[in-house]
Amino acid sequence: MFYLFFTTVFTEMALILALLFESPLRKLLILGLDKLKQGRGPLVAKSVGATVLVVLSSAVYNVVEIHKRSRESGALNPTEEVLMADLLLEASLMGFSLFLAVMMDRLHSYIKRKQILEEVINPNKQHNQ
(Lines of atoms letter the chains of each structure in order from A and count residues from 1; the text may use other names and numbers.)
(Lines give C-alpha, C1' and ligand atoms only; values in the text may rest on other atoms or scores of the structure.)
Protein backbone atom coordinates (compact mmCIF):
# COMPACT_ATOMS: atom_id res chain seq x y z
CA MET A 1 0.00 0.00 0.00
CA PHE A 2 2.89 2.34 0.74
CA TYR A 3 4.28 1.93 -2.77
CA LEU A 4 0.97 3.08 -4.20
CA PHE A 5 0.87 6.16 -1.98
CA PHE A 6 4.53 7.04 -2.63
CA THR A 7 3.92 6.70 -6.37
CA THR A 8 0.79 8.83 -6.13
CA VAL A 9 2.50 11.56 -4.10
CA PHE A 10 5.53 11.76 -6.40
CA THR A 11 3.34 11.74 -9.51
CA GLU A 12 1.18 14.54 -8.13
CA MET A 13 4.30 16.53 -7.24
CA ALA A 14 5.64 16.10 -10.78
CA LEU A 15 2.31 17.19 -12.27
CA ILE A 16 2.20 20.27 -10.04
CA LEU A 17 5.74 21.21 -11.08
CA ALA A 18 4.77 20.75 -14.74
CA LEU A 19 1.74 23.00 -14.22
CA LEU A 20 3.81 25.74 -12.62
CA PHE A 21 6.07 26.34 -15.62
CA GLU A 22 5.03 27.27 -19.15
CA SER A 23 5.87 24.38 -21.45
CA PRO A 24 4.31 22.13 -24.07
CA LEU A 25 3.79 19.54 -21.34
CA ARG A 26 1.72 22.08 -19.41
CA LYS A 27 -0.63 22.51 -22.36
CA LEU A 28 -1.00 18.74 -22.63
CA LEU A 29 -1.72 18.47 -18.90
CA ILE A 30 -4.32 21.25 -19.10
CA LEU A 31 -6.06 19.42 -21.95
CA GLY A 32 -5.94 16.16 -20.01
CA LEU A 33 -7.33 17.75 -16.85
CA ASP A 34 -10.08 19.41 -18.90
CA LYS A 35 -11.08 16.00 -20.28
CA LEU A 36 -10.89 14.47 -16.80
CA LYS A 37 -13.27 17.09 -15.40
CA GLN A 38 -15.94 16.23 -17.96
CA GLY A 39 -18.48 13.43 -17.70
CA ARG A 40 -18.06 11.07 -14.78
CA GLY A 41 -14.58 12.25 -13.86
CA PRO A 42 -15.58 14.57 -11.01
CA LEU A 43 -17.83 11.91 -9.48
CA VAL A 44 -15.05 9.32 -9.56
CA ALA A 45 -12.52 11.78 -8.13
CA LYS A 46 -14.86 12.77 -5.29
CA SER A 47 -15.65 9.15 -4.40
CA VAL A 48 -11.95 8.19 -4.42
CA GLY A 49 -11.13 11.28 -2.34
CA ALA A 50 -13.90 10.46 0.15
CA THR A 51 -12.66 6.87 0.46
CA VAL A 52 -9.09 8.02 1.10
CA LEU A 53 -10.41 10.52 3.67
CA VAL A 54 -12.31 7.76 5.51
CA VAL A 55 -9.23 5.50 5.55
CA LEU A 56 -7.14 8.49 6.72
CA SER A 57 -9.53 9.17 9.59
CA SER A 58 -9.43 5.48 10.54
CA ALA A 59 -5.62 5.53 10.63
CA VAL A 60 -5.61 8.69 12.76
CA TYR A 61 -8.17 7.13 15.12
CA ASN A 62 -6.00 4.02 15.53
CA VAL A 63 -2.94 6.19 16.24
CA VAL A 64 -4.89 8.05 18.94
CA GLU A 65 -6.02 4.75 20.48
CA ILE A 66 -2.47 3.40 20.58
CA HIS A 67 -1.30 6.67 22.13
CA LYS A 68 -4.01 6.44 24.82
CA ARG A 69 -2.95 2.88 25.68
CA SER A 70 0.66 3.97 25.97
CA ARG A 71 -0.30 6.74 28.38
CA GLU A 72 -2.27 4.33 30.55
CA SER A 73 0.43 1.66 30.71
CA GLY A 74 3.35 4.08 30.80
CA ALA A 75 5.26 2.70 27.80
CA LEU A 76 4.76 1.28 24.34
CA ASN A 77 5.66 -2.29 23.60
CA PRO A 78 7.67 -2.89 20.40
CA THR A 79 4.66 -4.18 18.46
CA GLU A 80 2.67 -1.04 19.18
CA GLU A 81 5.66 1.12 18.22
CA VAL A 82 5.85 -0.58 14.83
CA LEU A 83 2.08 -0.32 14.33
CA MET A 84 2.09 3.34 15.30
CA ALA A 85 4.97 4.17 12.94
CA ASP A 86 3.24 2.26 10.14
CA LEU A 87 -0.06 4.06 10.73
CA LEU A 88 1.61 7.46 10.94
CA LEU A 89 3.40 6.92 7.64
CA GLU A 90 0.21 5.73 5.99
CA ALA A 91 -1.81 8.65 7.35
CA SER A 92 0.78 11.23 6.35
CA LEU A 93 1.02 9.86 2.80
CA MET A 94 -2.76 9.92 2.46
CA GLY A 95 -2.91 13.46 3.78
CA PHE A 96 -0.16 14.62 1.41
CA SER A 97 -1.93 12.92 -1.48
CA LEU A 98 -5.24 14.65 -0.73
CA PHE A 99 -3.53 18.01 -0.27
CA LEU A 100 -1.63 17.71 -3.54
CA ALA A 101 -4.80 16.66 -5.39
CA VAL A 102 -6.59 19.79 -4.14
CA MET A 103 -3.56 21.91 -5.03
CA MET A 104 -3.45 20.44 -8.54
CA ASP A 105 -7.16 21.15 -9.00
CA ARG A 106 -6.76 24.76 -7.89
CA LEU A 107 -3.74 25.31 -10.14
CA HIS A 108 -5.71 23.98 -13.09
CA SER A 109 -8.60 26.33 -12.28
CA TYR A 110 -6.31 29.36 -11.96
CA ILE A 111 -4.55 28.57 -15.23
CA LYS A 112 -7.87 28.18 -17.04
CA ARG A 113 -9.15 31.49 -15.61
CA LYS A 114 -5.94 33.20 -16.65
CA GLN A 115 -6.29 31.86 -20.19
CA ILE A 116 -9.91 33.05 -20.38
CA LEU A 117 -8.97 36.50 -19.08
CA GLU A 118 -6.13 36.78 -21.59
CA GLU A 119 -8.51 35.88 -24.40
CA VAL A 120 -10.97 38.55 -23.23
CA ILE A 121 -8.27 41.23 -22.86
CA ASN A 122 -6.36 40.38 -26.07
CA PRO A 123 -8.78 38.67 -28.47
CA ASN A 124 -6.41 39.11 -31.47
CA LYS A 125 -3.43 37.44 -29.82
CA GLN A 126 -2.77 33.87 -30.95
CA HIS A 127 -1.93 31.37 -28.20
CA ASN A 128 -0.70 28.59 -30.50
CA GLN A 129 2.58 30.22 -31.45
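Residues -12 to 116 (the numbering used here) make up the sequence shown, in order.
Where a beta carbon is used, it is the ideal one built from N, C-alpha and C, also for glycine.
Whole-angstrom C-beta distance between residue j and residue i, which should lie under 8 Å
i	j	result
Leu94	Ile3	6 Å
Met0	Glu77	At roughly 18 Å, the Cβ-Cβ gap does not stay under 8 Å, so Met0 and Glu77 are not in contact.
Leu87	Val50	21 Å between Cβ atoms; not a contact.
Leu6	Leu16	6 Å
Pairwise C-alpha distance: residue j and residue i
i	j	result
Asp21	Ile98	11 Å
His54	Val35	29 Å
Asn111	Leu(-9)	46 Å
Leu30	Leu23	10 Å
Val41	Ala32	14 Å
Glu52	Leu63	12 Å
Residue i - DSSP class collapsed to helix/strand/coil
i	result
Lys33	helix
Glu9	coil
Asp81	Reading off the sequence, residue 81 comes out as Met, not Asp. In this structure, Met81 counts as helix in the three-state DSSP scheme.
Pro110	coil
Gly61	coil
Arg56	helix
Sequence-distant residues of the same chain with beta carbon closer than 7 Å to residue i, five excluded per side
i	result
Val39	Met81, Ser84 and Leu85
Cut-off 6 Å between Cβ atoms - residues of its own chain near residue i, not counting five sequence neighbours on either side
i	result
Ile103	none
For this session: Evaluate the contact criterion for the region 34 to 48 versus the region 71 to 81: three or more CB pairs, one atom per stretch, below 8 Å.
Result: yes
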